[in-house]
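Undergrad: Chains as they are written, first to last, in this note's numbering: chain A, 208 to 385; chain B, 90 to 369. Don't be surprised by glycine CBs; every beta carbon is placed ideally from N, CA and C. One structure coming up, written as structure tokens, with questions to follow.
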Amino acid sequence: MERRITIPMDRETAASLRTGDTVYITGEMYVARDAAHKRLYELICEGRPLPIDLENETVYYMGPSPAREGRAIGSAGPTTSSRMDKYTPALLERGLSVMIGKGRRSEEVKRSAKEHGAVYLVAVGGAGALLSERITGSQVVCYEDLGAEAIRRIKVKDFPCIVALDSEGCDVYESRES
Amino acid sequence: MREFDVSKIAGAVAEMCERINHELSDDVSSALRRAAERETSETGRSVLSMLEENLDVAKEKRIPICQDTGMAVVFLEIGQEVSLVGGYVEDAVNEGVSRGYRDGYLRKSVVADPLERVNTGDNTPAVIHTRIVPGDRVKITLAPKGFGSENMSRLYMLKPSDGEEGVVRAVVEAVRAAGPNACPPVVVGVGLGGDFEYSALMAKRALTRPVGESSDKEHIARLEKRILDEVNSLGIGPAGLGGAVTALAVNIETFPTHIAGMPCAVNICCHVDRHISVTL
Ligand code: SF4
Chain A
208 MERRITIPMD
218 RETAASLRTG
228 DTVYITGEMY
238 VARDAAHKRL
248 YELICEGRPL
258 PIDLENETVY
268 YMGPSPAREG
278 RAIGSAGPTT
288 SSRMDKYTPA
298 LLERGLSVMI
308 GKGRRSEEVK
318 RSAKEHGAVY
328 LVAVGGAGAL
338 LSERITGSQV
348 VCYEDLGAEA
358 IRRIKVKDFP
368 CIVALDSEGC
378 DVYESRES
Chain B
90 MREFDVSKIA
100 GAVAEMCERI
110 NHELSDDVSS
120 ALRRAAERET
130 SETGRSVLSM
140 LEENLDVAKE
150 KRIPICQDTG
160 MAVVFLEIGQ
170 EVSLVGGYVE
180 DAVNEGVSRG
190 YRDGYLRKSV
200 VADPLERVNT
210 GDNTPAVIHT
220 RIVPGDRVKI
230 TLAPKGFGSE
240 NMSRLYMLKP
250 SDGEEGVVRA
260 VVEAVRAAGP
270 NACPPVVVGV
280 GLGGDFEYSA
290 LMAKRALTRP
300 VGESSDKEHI
310 ARLEKRILDE
320 VNSLGIGPAG
330 LGGAVTALAV
340 NIETFPTHIA
350 GMPCAVNICC
360 HVDRHISVTL
């Protein structure tokens, strides 16, 4: 099934998504990858406040190339999600509801996502030029010192993804591989 | 002796960094375009058509094909009748990488220390492999390598008794384990023989051989074909979402090895298999 969806996504919409669906997302989301996740995780472990509010938020695992003049962002495809697995359950506890990346997730992430009604979507890896065309705005929010790994807020329009893990825990990779 | 100013190396490397991150070589791009004909899954075909469109957008609008513009791997073949002047050759390579990644709006993905992890800011240093070869030419091959697929690479110290079956099993296992993480359809570089580190180096070099060009050794060419067929029957498919096209090519390089061993390195590369050479 193909659907157009706006974010922030309410839990009802999230619950209606099915693994394998193609979704086109419009709205605003955070961008964070390895180094930013590590910092957020350490803050959570220390019981300190986070620089961003994750309640009902979407996080895209991505580190863009620099933008040329006149463009919102450079190449902007997904990075491998499993490197975020260690930090993800703590973020889901804080209200994170949609994750976008590529590749498989750990059993622990799957369990935690199901428990919180969160979904995991994948974008096509290695299609960074094309995906950047669906990003209309981008701003560094914090951790600027991390360069390509800083946390950003981006605006997307009809950003194409496939549901890889729905709220019932059905995994696209398990259902498709022989 | 032919005097050769290393500043020419810096210039050539800078230009190649920019170019290959925006435009794949013909062998890879046409293999990718042809793959759609073999793809049986609808999702697979739609992923492949996105990848084709991505190549067009990247070239036209000068946006890198993938945001992971890689760690720069450089193979230098320096003729032994060449006398390098004007500075240290590795500095020249790094200067080229630094310039190419800055001017080409490429991502800087290198950290100075594996544990401290502070970005070097200009994507240097490159990984440089130098060979002294006959003649008076300098050949530079650049292969920027993304780490989604690099992380899924493996090295197996097989035993002689494992034979061809063992090699097939090892490579297929590596591709299966890589699954969606390596951004399939992948190109598989295999280094068979030599010793521990040489097999890994051959596997990386195998990725710079054009897609569609088989080994010149007949039994190895047969093995490449056999492994490619087995890998494509795994069902991983484009983007790992299921389908018939899991790999575009399996390239195997071999070298004599010890009576007691059969090292087999598997270097997996995504569909953004960037390689470009120039001879000066
Ligand atoms: S594995 Fe290749 S295509 Fe995938 S994100 Fe890395 S460089 Fe890009």
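Using a Cβ cut-off of 8 Å, pull out every chain A residue sitting near B:T158, in sequence order please.
TA: As a first step, residue 158 of chain B must be located in the second sequence, where it is residue number 69. Chain A residues near B:T158: S272 and S282.
Undergrad: Should the segment 313 to 322 of chain A be regarded as contacting the segment 370 to 379 of chain A, the criterion being three or more beta carbon pairs within less than 8 Å?
TA: yes
Undergrad: May I ask which residues mark the beginning and end of the beta strand (DSSP E) holding B:G280?
TA: The residue labelled residue 280 of chain B in the question sits at position 191 within the second sequence. DSSP places B:G280 in the uninterrupted beta strand (DSSP E) bounded by V275 to G283.
Undergrad: Pairs of beta-carbons, one from the segment 123 to 139 of chain B and one from the segment 258 to 278 of chain A, closer than 8 Å: are there three or more?
TA: Pairwise C-beta distances place the segment 123 to 139 of chain B out of contact with the segment 258 to 278 of chain A, as fewer than three of them are shorter than 8 Å.
Undergrad: Could you check whether the Cβ of A:S289 sits closer than 8 Å to any Cβ belonging to chain B?
TA: The residue you call residue 289 of chain A lines up with position 82 of the first sequence. True, the Cβ-Cβ gap to chain B drops below 8 Å.
Undergrad: Tell me which residues pass a beta-carbon proximity test against the ligand SF4: closer than 5 Å to any heavy atom, given in chain order.
TA: Chain-ordered list of matching residues: A:G332, A:G333, B:C155, B:D157, B:G235, B:G237, B:S238, B:C272, B:C359 and B:V361.
Undergrad: Give the DSSP-derived three-state secondary structure of B:H406 in the structure shown.
TA: Any property of residue 406 of chain B remains undetermined from this structure, which presents chain B solely from 90 to 369.
Undergrad: If you draw a straight line from the C-alpha of A:E384 to the C-alpha of A:V329, how long is it?
TA: As a first step, residue 384 of chain A is located in the first sequence; it is residue number 177 there, counting from the start. As a first step, residue 329 of chain A is located in the first sequence; it is residue number 122 there, counting from the start. Unreliable placement is indicated for A:E384, whose pLDDT of 49 sits below 50; the coordinate value is still reported in the next sentence. Whole-angstrom Cα-Cα distance: 16 Å.
Undergrad: Starting from A:T213, trace the beta strand (DSSP E) in both directions and tell me its first and last residue.
TA: Position 6 of the first sequence, counted from the start, is the residue given in the question as residue 213 of chain A. Looking at the DSSP string, the run of the beta strand (DSSP E) that includes A:T213 is E209 to T213.
Undergrad: Going by the DSSP bridge assignment, what does A:C368 pair with across the sheet?
TA: Translated into the one-based positions of the first sequence, residue 368 of chain A becomes position 161. The partner list for A:C368 (beta bridge, DSSP) reads A:V230.
Undergrad: So A:G335 and B:P273 are in contact, right, with Cβ under 8 Å, and what is the actual spacing, rounded?
TA: What you label residue 335 of chain A is simply residue 128 of the first sequence in a count that begins at 1. What you label residue 273 of chain B is simply residue 184 of the second sequence in a count that begins at 1. Rounded, the Cβ-Cβ distance is 16 Å, inconsistent with contact.
Undergrad: Verify the CB distance criterion: does A:R311 have a CB-CB separation below 8 Å to chain B?
TA: As a working mapping, residue 311 of chain A is identified with position 104 in the first sequence. It does: the Cβ of A:R311 has a partner Cβ on chain B nearer than 8 Å.
Undergrad: Nearest CA to the CA of B:Q169: which residue from B:G326, B:A289, B:R226 and B:H360?
TA: One-based indexing of the second sequence puts residue 169 of chain B at position 80. Looking at the Cα atoms, B:R226 is the closest of the given residues.
Undergrad: Would B:S366 and B:K234 qualify as a contact pair, given that the criterion is a beta-carbon distance under 8 Å?
TA: Position 277 of the second sequence, counting from 1, holds the residue named residue 366 of chain B. Position 145 of the second sequence, counting from 1, holds the residue named residue 234 of chain B. No, they are not a contact pair.
Undergrad: Just to check my reading of the structure: B:G326 and B:A271 have Cβ atoms closer than 8 Å, yes? What is that Cβ distance to the nearest angstrom?
TA: For the purposes of this step, residue 326 of chain B is identified with residue 237 of the second sequence, where counting begins at 1. For the purposes of this step, residue 271 of chain B is identified with residue 182 of the second sequence, where counting begins at 1. Actually they are not in contact, since the Cβ atoms of B:G326 and B:A271 sit about 12 Å apart, beyond 8 Å.
Undergrad: Note down, in chain order, all residues in the segment 266 to 278 of chain B with a beta-carbon under 8 Å from any beta-carbon belonging to chain A.
TA: G268, P269, N270 and C272
Undergrad: Drop a sphere of 10 angstroms on the beta-carbon of B:A103, count the other beta-carbons inside from all chains shown, and report buried for 16 or more, exposed for fewer.
TA: By 1-based counting over the second sequence, the position of residue 103 of chain B is 14. B:A103 comes out buried.
Undergrad: Could you work out which residue in A:R225, A:A283, A:M306 and A:D378 is closest to A:M291 when comparing CA atoms only?
TA: Counted from its first residue, the first sequence places residue 291 of chain A at position 84. Nearest of A:R225, A:A283, A:M306 and A:D378 to A:M291, Cα basis: A:M306.
Undergrad: Determine the burial state of B:A328: buried for a count of at least 16 other Cβ atoms within 10 Å of its Cβ, exposed for fewer.
TA: Here residue 328 of chain B is taken as the residue at index 239 of the second sequence, counted from 1. With 16 or more other Cβ atoms within 10 Å, it is buried.
Undergrad: Using a beta-carbon distance below 8 Å, is B:V199 in contact with chain C?
TA: Of the chains in the structure shown, none is chain C; the protein chains are A and B.
Undergrad: Assuming B:P214 contacts B:N240 (C-beta within less than 8 Å), just tell me the rounded distance between them.
TA: Stepping through the second sequence from its first residue, residue 214 of chain B is reached at position 125. Stepping through the second sequence from its first residue, residue 240 of chain B is reached at position 151. About 20 Å separates the two Cβ atoms, so there is no contact after all.
Undergrad: If you run the structure through DSSP and keep just helix, strand and coil, what is B:D94?
TA: By 1-based counting over the second sequence, the position of residue 94 of chain B is 5. Correct three-state label for B:D94: strand.
Undergrad: Alpha carbon to alpha carbon, what distance is there between B:I217 and B:S96?
TA: Locating residue 96 of chain B in the second sequence gives position 7, where the first residue counts as 1. Locating residue 217 of chain B in the second sequence gives position 128, where the first residue counts as 1. B:S96 and B:I217: Cα-Cα distance of roughly 16 Å.
Undergrad: Check this for me: beta carbons of B:H360 and B:V275, under 8 Å apart or not?
TA: Position 271 of the second sequence, counted from the first residue, corresponds to residue 360 of chain B. Position 186 of the second sequence, counted from the first residue, corresponds to residue 275 of chain B. Contact flag set, yes.
Undergrad: Could you give the residue range of the alpha helix (DSSP H) that holds B:V136?
TA: Residue mapping note: residue 136 of chain B aligns to position 47 of the second sequence, counting from 1. Where B:V136 is concerned, the enclosing alpha helix (DSSP H) stretches over E131 to K150.
Undergrad: Do A:V230 and A:C368 count as a contact pair if the criterion is CB distance below 8 Å?
TA: Your numbering for residue 368 of chain A matches position 161 in the first sequence. Your numbering for residue 230 of chain A matches position 23 in the first sequence. Contact flag set, yes.
Undergrad: Taking only beta-carbon atoms, is A:E340 less than 8 Å away from chain B?
TA: One-based indexing of the first sequence puts residue 340 of chain A at position 133. Yes, its Cβ sits closer than 8 Å to a Cβ of chain B.
Undergrad: On the three-state DSSP scale, how would you describe B:V227?
TA: Stepping through the second sequence from its first residue, residue 227 of chain B is reached at position 138. If DSSP states are grouped into helix, strand and coil, B:V227 belongs with the strands.
Undergrad: Measure the alpha-carbon distance for A:E315 versus A:S289 and round it to whole angstroms.
TA: Position 108 of the first sequence, counted from the first residue, corresponds to residue 315 of chain A. Position 82 of the first sequence, counted from the first residue, corresponds to residue 289 of chain A. Distance from the CA of A:E315 to the CA of A:S289, rounded to the nearest whole angstrom, comes to 11 Å.
Undergrad: Would you list the one or two residues that DSSP bridges to B:C424?
TA: Residue 424 of chain B lies beyond the stretch modelled for chain B, which goes from 90 to 369, so this question has no answer here.
Undergrad: Taking Cβ positions only, does A:M269 come closer than 8 Å to chain B?
TA: Indexing the first sequence from 1 puts residue 269 of chain A at position 62. Judged by the 8 Å Cβ criterion, A:M269 is in contact with chain B.
Undergrad: List, from N- to C-terminal side, the alpha helix (DSSP H) runs of 4 residues or more that fit wholly inside the segment 304 to 348 of chain B.
TA: Fully contained in the segment 304 to 348 of chain B are the following alpha helix (DSSP H) runs of length 4 or more, in chain order: 307 to 321.
Undergrad: Give a yes or no on whether 8 Å exceeds the smallest Cβ distance from A:Y294 to chain B.
TA: To locate residue 294 of chain A, count along the first sequence from 1; it is residue 87. For A:Y294, no Cβ of chain B is located within less than 8 Å of the residue's own Cβ.
Undergrad: Nearest chain B C-beta to A:L337 closer than 8 Å, yes or no?
TA: Along the first sequence, read from residue 1 onward, the residue named residue 337 of chain A stands at position 130. Taking Cβ atoms only, chain B reaches closer than 8 Å to A:L337, which makes this a yes.
Undergrad: Looking only at its own chain, which residues have a Cβ that is under 8 Å from the Cβ of B:G331, when we skip the five neighbours before and after it?
TA: Numbered from its first residue, the second sequence carries residue 331 of chain B at position 242. The answer, listed in chain order, is S130, T132, G133, G324 and I325.
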